[in-house]
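Notes to accompany the following structure.
In my numbering, the protein residues as written are 3 to 398.
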């Protein structure tokens, strides 16, 4: 634990955003903070696996997007304005308490479940609004930048309160507006920053945090495999073969993502940073759908078709392709950009097309087919990389 260096820094007012800390490492407090979000994400994923309907998916998506919004805001605040003072630690702790409370009420079955969830979400909304507003209290030059956040977040809070008095049909209309209000402020801040010829880039530590969140979701996928195999109540050779194929698919998805995205830096610019953050939403949601698909994959009484897995994997691959638009590729990888783009889109198209075809095949064969396609993508990427390396060695 690092202690404050001066007696005046014990409380630790927010650090100014124009004084970024170079090569900042992710702190233990941030990892502890992420752990609480692991629990919340796991609970909503588990709840969705028990109630797989179109309406449940809408609820799952809304809950996930709002939880991700809370995580991003808390993480960015710590990354931009955090320090070793007591205030930063208390601000983080209070948000952890709110998310833990959300994890408690998610699985409640009583009639007031929606009310309890919305109350906790409203507390989180109000707290994050205060969090950004308070930066302007300590740093007057920052007030014009956080004004869009304060105004739109308060509008979102009012819309949340309104859902408590409306029926489900009106609630479905309001939730997209709530999400828009919560995710729109960066677009206004971009204009203000451009006017002042200032900018904020996504730091390497923050991008590392986002990679850790992806690992968390991969953990949910592995848990989905374990839960799905356990529910079959079988332990024969075919069961373990299915288990192996599913784990291999998870590893193949991990390989593709972290081979292309890991150890990269985000391109400069607040707009690009925000768009990159937004792309993580469908990517993480797709991993959640893979986890749920594996949980019920061998439940023959379940009405979810095999092809649903194809939607999730196709979305996952397209998101990786789009993320490349906002990443700085090493000089040696730039000749591979077009082959990577092409192969990712072709592989995603294969999975997407498969969703429109009714396949009456054994589920084991389906898993094997999915794995073959993903391994083919990995082999293609590795062969192109090795060919590029041989060409470089020959030229030297």
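Every residue, glycine too, gets a C-beta built ideally from N, C-alpha and C.
Residue burial classification, residue i (beta-carbon count within 10 angstroms, cutoff 16)
i           : result
residue 325 : buried
residue 1   : Only positions 3 to 398 of the chain appear in this structure, which leaves residue 1 out of reach.
residue 246 : exposed
residue 99  : exposed
residue 397 : exposed
residue 272 : buried
residue 388 : exposed
residue 75  : buried
residue 376 : buried
residue 305 : At residue 305, the pLDDT of 45 sits below 50, so the modelled position is not reliable and the matter cannot be decided from this model.
residue 384 : exposed
residue 80  : buried
residue 230 : buried
residue 395 : exposed
residue 94  : buried
residue 235 : exposed
residue 290 : buried
residue 211 : buried
residue 392 : exposed
residue 288 : buried
Expected contact under 8 Å - CB spacing of residue i and residue j to nearest Å
i           : j           : result
residue 119 : residue 106 : About 10 Å; that fails the 8 Å criterion.
residue 330 : residue 267 : 5 Å
residue 1   : residue 187 : Nothing can be reported for residue 1, as the shown portion of the chain is limited to 3 through 398.
residue 101 : residue 38  : 5 Å
residue 163 : residue 124 : 6 Å
Closest Cα partner of residue i within the set the options
i           : options            : result
residue 69  : 190, 92, 35        : 35
residue 48  : 298, 96, 28        : 298
residue 135 : 124, 147, 125      : 147
residue 51  : 161, 261, 300      : 300
residue 253 : 229, 220, 230      : 220
residue 312 : 373, 184, 260, 46  : 373
residue 160 : 53, 205, 183       : 183
residue 204 : 368, 285, 78       : 78
residue 351 : 294, 127, 66, 379  : 379
residue 386 : 335, 163, 240      : 335
residue 194 : 179, 145, 241      : 145
residue 264 : 243, 315, 317, 332 : 332
residue 72  : 133, 58, 114       : 133
9 Å Cβ cutoff met for residue i and residue j
i           : j           : result
residue 343 : residue 365 : no
residue 353 : residue 381 : no
residue 363 : residue 275 : no
residue 282 : residue 226 : no
residue 190 : residue 154 : yes
residue 43  : residue 60  : no
residue 390 : residue 338 : yes
residue 97  : residue 126 : yes
residue 158 : residue 175 : no
residue 369 : residue 315 : no
N-terminal and C-terminal residue of the alpha helix (DSSP H) that residue i is part of
i           : result
residue 36  : 30-52
residue 299 : First-last for residue 299: undefined, no H or E at that position.
residue 144 : Unbroken run through residue 144: none, as it is neither H nor E.
residue 263 : Careful: residue 263 lies outside any alpha helix (DSSP H) and carries neither H nor E.
residue 310 : 310-325
residue 356 : 339-356
residue 219 : 206-233
residue 412 : Not covered by the structure: residue 412. The range shown for the chain is 3 to 398.
residue 379 : 365-397
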